[in-house]
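Protein chains in written order, with the working numbering: chain A, 1 to 156; chain B, 1 to 156; chain C, 1 to 156; chain D, 1 to 156.
(1) Does DSSP put residue 48/D in a helix, in a strand, or in coil?
(2) Return the residues of the stretch 50–72 of chain D that lie within a Cβ-Cβ distance of less than 7 Å from chain C, sorted by chain order.
(3) Residues of chain B with a CB under 7 Å from the CB of residue 30/C: which are they?
(4) To the nearest angstrom, how far is the alpha carbon of residue 47/B from that of residue 19/D?
(5) Closer than 8 Å, Cβ to any Cβ of chain B: which residues of the stretch 114–145 of chain D, in chain order?
(6) Could you spell out where the beta strand (DSSP E) holding residue 107/B opens and where it closes?
(7) Who are residue 141/D's beta bridge partners in DSSP?
(8) Given a threshold of 16 other Cβ atoms within 10 Å of its Cβ, counted over all protein chains shown, does residue 125/D qualify as buried or as exposed?
(9) Could you pull the DSSP bridge partners for residue 92/C from this structure?
(10) Relative to the C-alpha of residue 91/A, which residue among 53/D, 25/D, 63/D is closest?
(11) Going by the beta-carbon positions, is the gap between residue 108/D and residue 100/D smaller than 9 Å?
(12) Please list, in chain order, all residues of the same chain as residue 120/D whose beta carbon is under 7 Å from its beta carbon, the five residues on each side excluded.
(13) Span of the beta strand (DSSP E) holding residue 83/D?
(14) In chain order, what residues of the same chain lie with their CB nearer than 7 Å to the CB of residue 137/B, ignoring the 5 residues before and after it?
(15) Under a Cβ-count criterion, where at least 16 other Cβ atoms within 10 Å of its own Cβ denotes burial, should residue 35/B be classed as buried or exposed?
(16) When Cβ atoms are compared, which residues of the stretch 90–102 of chain D fall closer than 7 Å to chain A?
(17) Applying the criterion that 16 or more other CB atoms from any shown protein chain within 10 Å of the CB defines a buried residue, is residue 74/D buried or exposed?
(18) Give the range of the alpha helix (DSSP H) segment to which residue 122/C is assigned.
(19) Out of 150/D, 103/D, 96/D, 102/D, state which residue places its alpha-carbon closest to the alpha-carbon of residue 21/D.
(20) Where does the unbroken alpha helix (DSSP H) through residue 66/A begin, and where does it stop?
(21) Would you say residue 79/A reaches chain B, if we count a Cβ-Cβ gap shorter than 9 Å as a contact?
(22) Any beta carbon from chain D within less than 9 Å of residue 40/A's own beta carbon?
(23) Exposed or buried, residue 152/D, counting other C-beta atoms within 10 Å across all chains shown (16 or more means buried)?
(24) Check this for me: beta carbons of residue 129/D and residue 53/D, under 9 Å apart or not?
(25) Since residue 134/B and residue 72/B should fall inside the 8 Å C-beta cutoff, what is the C-beta to C-beta distance between them, to a whole number of angstroms?
(26) Across which residues does DSSP place residue 34/A in a beta bridge pair?
(27) If you measure from the beta carbon of residue 36/B to each beta carbon in chain D, is any gap under 9 Å?
(28) Could you have a look at residue 153/A and say whether DSSP puts it in helix, strand or coil?
(29) Could you tell me whether any Cβ in chain D is nearer than 9 Å to the Cβ of residue 46/A?
(30) Assuming residue 41/A and residue 33/A make a contact with CB atoms under 8 Å, what is their CB distance in whole Å?
(31) Report buried or exposed for residue 43/B, applying the criterion of at least 16 other Cβ atoms within 10 angstroms of its Cβ.
(32) Thinking C-alpha only, which one of 112/A, 77/A, 67/A, 79/A is nearest residue 23/A?
(33) Find the residues of chain A that neighbour residue 43/C, judging by a C-beta separation of less than 7 Å, and give them in chain order.
(34) When you compare only the Cα positions, how much space is there between residue 31/D and residue 131/A?
(35) Using a Cβ-Cβ cutoff of less than 7 Å, which residues in the same chain neighbour residue 80/B once the five nearest sequence positions on both sides are dropped?
(36) Can you tell me whether residue 70/A is buried or exposed, with buried defined as 16 or more other CB within 10 angstroms of its CB?
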């Protein structure tokens, strides 16, 4: 589960996948994430969820930039977020991500934002991606085999 | 329906509310909205939808900053977006916003992003806000009367 | 000086160029622009300045997206901003933009953010762009003639 | 130099301060950072630089959120960035931050964005902060002693 994000020891980041298939991505609320209320702006989670997906794929050996270079994109087609509690400036939390399965060329991700002690649920969300052929601008009929195999490995 | 956004003739922006209650907010895809694919990043719509809500309230005489100063916030508790087509860099479109009603202290907004000729639907979305007492940090039992009256006026 | 941003009367936005060559772009501080202090986050101005540049070029008949499609990009190579006063949530202001000249393939923009009555200066800034050949990934030896002519027209 | 960002082993992030006083903050270009050109949008660096400052202060025992709660803010009053090379989607790099000194209530930060092997310089920048009394909305006459001591420790 060691990430390949960085090659030097100085800047490693240890990601973890739990037994029940959740990928854990740490988040921290910096000033630029906050709004006038001193809490994380509701749109900030959209960026964090994207980061977690890309980081998760990376731990499985899929570099999203390579996928794009090969002509396959995974745009978001559906997004829903429920905000249960607010994260405040300076808070650290864990963003958990899990795929509930690959349906043809659709990939559904579930998310939870939890306190570090896992006692408080801040946000729950679901994001659906679809594989698109960059050149044709159309939804692919099937995933490239290498991609499918890797994605299958992370489906619960 | 004249906005009070700006006091000088040089920087007026004419908003319009259609007969069926849609508030029309113009959007334009600048480079900072785009991602590597040359299209509007999926999170950009979250900011645009907030701008449209605030601008709509403004045309009804409610300055959101005043509401906050009075101790009432309207945070997002639920958000769902469907992406039907992509807006490209340089595209202009119309973001339509409408409230489907005030339910107690909950306010539900429907959104559509349409091409200027209204022939293409890019995005449809729904956002739910709830009135929160800033000081107590709790959901209000009822909306302040002045707010309720204004909000009722824009419910369809 | 009429913009071509939108084709319908409902969503016109009137930009103005003053006698001394300043292009005036209206800005408004929405919640997503603010940080915990209730003021516009310092990075928000970078996006507004980009919008003003692109809108200004548009009023001169240059669609930035077309420029990119033709293989010419204008990336930022230098940026400096001084923050004199803070804009608060709900504030409207005017972002003034002016080019101080085309130097070969470099284009220098000056900016000022002013209150609507022009009495208060919030921000002053300077941004330098350079014309880059997209395919070669290198700085162009000279601007495409059509671009140069349009840019020369807006230089003071 | 161990950060206190996260309390669980699963989500540690190891920051490092070099012998010559540079704090090293890892960055990674996710899709939301990119623009149409597939490179990190020039404004993305403003957020990364803020994150690095806040993380650096954190390693010195100063939680920025606590500072704000105590009535002291450190807004940016001056910002300048030079873009030497572009970071592409999927790139990892190191953002180095160092204070060149506390001048009264002004704090000057120098930045460099370097490739992981430190061979390529992408960006160099300087950001000046000033200590402001939140309640009075005025520049402080002097830094709170606890803050000054910590800041002095990181000045080179």
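Just so it is clear, CB atoms sit at the ideal spot from N, CA and C, and this is done for glycine as well.
Values in this document were obtained by computation on a predicted structure and should not be read as measured data.
According to the structure data:
(1) helix
(2) 68
(3) 50, 51, 54
(4) 42 Å
(5) none
(6) 106–114
(7) In DSSP, residue 141/D forms no bridge with anything.
(8) buried
(9) 28/C
(10) 63/D
(11) yes
(12) 85, 114
(13) 76–83
(14) none
(15) buried
(16) 90, 92, 94
(17) buried
(18) Residue 122/C -> not in any alpha helix (DSSP H); beta strand (DSSP E) instead, spanning 121–130.
(19) 96/D
(20) 64–69
(21) yes
(22) no
(23) exposed
(24) yes
(25) 7 Å
(26) 40/A
(27) yes
(28) helix
(29) yes
(30) 6 Å
(31) buried
(32) 112/A
(33) 32
(34) 16 Å
(35) 125, 126
(36) exposed
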